[in-house]
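Below is one structure, written out as structure tokens, with a few remarks after it.
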Amino acid sequence: THPNILQTYMGRAFFSMTSNNNNTNPILDHNGEKLKDDGTSTGVRNASSFSDIVHNISTSKQFPQLKALFFVTTWAIASSSLIFLNKHLMSEADFHYPMILCSMGVVASWTISVGLISLGISTVSTKKGQTQITARWYATHILPIGMFAALSLGFGNYVYLYLSVSFIQMLKALMPASVYTVGCLMGIEQFTYARLANMFVITLGVCIASYGELNFHLLGVLIQLASVCAEAFRLGLVQIILNSEKLKMNSITTLYYVSPACFVFLLIPFTFLEVPRYLDTNTEVNTSQPHILFLNACTAFALNMAVYLLIGKTSALTMNVAGVVKDWLLIFISSALFDAPITKLQLFGYGISFVAVCYYNYSKYKDREKAMSMPKIDAKSEDGANSSSTEREMNAKA
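Going by the numbering used here, the sequence shown runs without a break in its numbering and finishes at 398.
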């Protein structure tokens, strides 16, 4: 049997770096067998330097899987870290200003996106024939997306004041049902009774999990449902723009355009709800952890970048599957970190939703495969502005 390529490279690197400069000893693999040293047939180099190690790994057959694993891990860490930071700040550090946290993340994301565009790492396309973003177009297309993004972020942060992280993650399982319902209302999803039954099972599982929650808070549940609905409308509007406009946008350019509008809408609740409390002399504000606030803002941008890289380098399906696994881990880890007990009834209910969500992701994947296998009737325009339906869905998800 042939040895694992990655093990071979690491073994070759070890023996190369520990041998003398004359390199008179034969190079051995992890089984002690002599390796062929011509380095011409497979592009493998003797790993005498770090760059050779990188070259050997990047040209291996396992590199695509390693790359996908790296992006999935980075996204999962960034997403989980932001959730834990928000919960810590608002529940344990007594920083009860969710709009400030949202605004910091939005400003950080917009600032860094401007920097990346200025450096040429990402570009704002202005090709002839593509949609020109005028003030009127921005007001009618981007501002509504910014409004729903602000509602989703604002409600999504406020809920940490009332519910545990584990219960919030269970409620987020309603996202596919919300997205499908909004999509049918907007005309971007096709209604079928089979899909409706799928959504009913997801909802049933979440209801069972909610019934088993020991620290159930009605206001918190309503806030989380509002966040889920706002996010569904945001995704629907983004999907409509990507489907109907000659406009190519990725996560960086989306942050560049949407973040200012989102920030403006976040200023409204911040001005009327949080500024009076902040200026109240009888209210104590915990500002002893500015480094955590800064870390929170940076993590928010890192999460947006991780989503961009994950979908851009793998697929939206990979993100969906990884998200399901990440939610399970978050439920158990957050329960231990924040001392939030989970009942068996909750796990049973969330398990039902989990299976239904997995089936939903699988059916969407099969629908996408079927659509891609069909012959294309409409040719792309010469400037390449029109993207495939798969690309549009991936960008909308980002």
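Just so you know, even glycine gets a beta-carbon here, dropped at the ideal spot from N, CA and C.
In this text, all values refer to a predicted model and were calculated from it rather than measured experimentally.
Assuming contact is defined by CB atoms lying nearer than 7 angstroms, are residue i and residue j in contact in what I supplied?
i, j, result
"C102", "G154", "yes"
"L310", "G212", "no"
"G349", "I208", "yes"
"Y362", "N198", "no"
"G323", "G236", "no"
"I202", "A356", "yes"
"L266", "M99", "yes"
"S210", "S335", "no"
"L116", "I292", "no"
"A232", "T74", "no"
"F148", "R234", "yes"
"S122", "L255", "no"
"A230", "L151", "yes"
"E274", "Y97", "yes"
"N304", "L85", "no"
"S60", "V206", "no"
"P341", "L218", "no"
If you follow the alpha helix (DSSP H) that residue i is in, where does it begin and where does it stop?
i, result
"Y162", "Y162 -> no alpha helix (DSSP H), and no H or E assigned at all."
"K366", "344-373"
"S122", "Element bounds for S122: n/a, residue is neither H nor E."
"F338", "No alpha helix (DSSP H) holds F338; DSSP gives it neither H nor E."
"M175", "175-186"
So for residue i, helix, strand or coil by DSSP?
i, result
"V238", "helix"
"L273", "helix"
"K67", "helix"
"E92", "helix"
"H291", "helix"
"A226", "helix"
"Y97", "coil"
"K61", "coil"
"G212", "coil"
"E231", "helix"
"H141", "helix"
"M147", "helix"
"Q169", "helix"
"D327", "helix"
"M305", "helix"
"N250", "coil"
"T192", "coil"
"A268", "Just to set this straight, residue 268 is Ile in the shown sequence, not Ala. It is helical."
"I77", "helix"
"I83", "helix"
"T134", "coil"
"F155", "helix"
"N22", "For N22, the pLDDT reaches just 44, beneath the cut-off of 50, and the residue's location in the model is therefore unreliable, although a value from the coordinates is still provided. In the structure shown, N22 sits in coil (DSSP, three-state: anything other than H, G, I, E or B)."
"D38", "Below a pLDDT of 50, predicted positions are generally treated as unreliable, and D38, at 46, falls in that range; no measurement from the model is reported."
"H30", "Any reading at H30 needs caution, since the residue's pLDDT is 47, under 50, leaving its predicted position unreliable; the model's value is listed next. In the structure shown, H30 sits in coil (DSSP, three-state: anything other than H, G, I, E or B)."
Answer yes or no: does any C-beta atom of chain C fall closer than 7 angstroms to that of residue i?
i, result
"M170", "No chain C appears in the structure shown, which is made up of a single protein chain."
Cβ of residue i within 6 angstroms of any heavy atom in the ligand ATP?
i, result
"T140", "Of ligands this structure carries none, so the ligand ATP is not represented either."
> Would you call the region 217-227 and the region 181-195 in contact, with 3 or more CB pairs under 8 angstroms?
Replying inline: The region 181-195 and the region 217-227 do not touch, with fewer than three beta-carbon pairs separated by less than 8 angstroms.
Determine, using beta-carbon pairs with one atom in the region 88-107 and one in the region 325-333, whether at least three such pairs fall under 8 angstroms. They do not touch, by the three-pair rule.
Just checking, does the region 248-266 make contact with the region 157-170 on the three C-beta pairs under 8 angstroms criterion? At 8 angstroms Cβ cutoff, the stretches do not touch.
Original post:
Three or more beta-carbon pairs under 8 angstroms between the region 256-272 and the region 105-112, yes or no?
Top reply: In short, these stretches touch, since the Cβ pair count reaches three.
- prompt: Does the region 290-310 touch the region 75-91, meaning 3 or more C-beta pairs lie closer than 8 angstroms?
  reply: Output reads yes: the region 290-310 touches the region 75-91.
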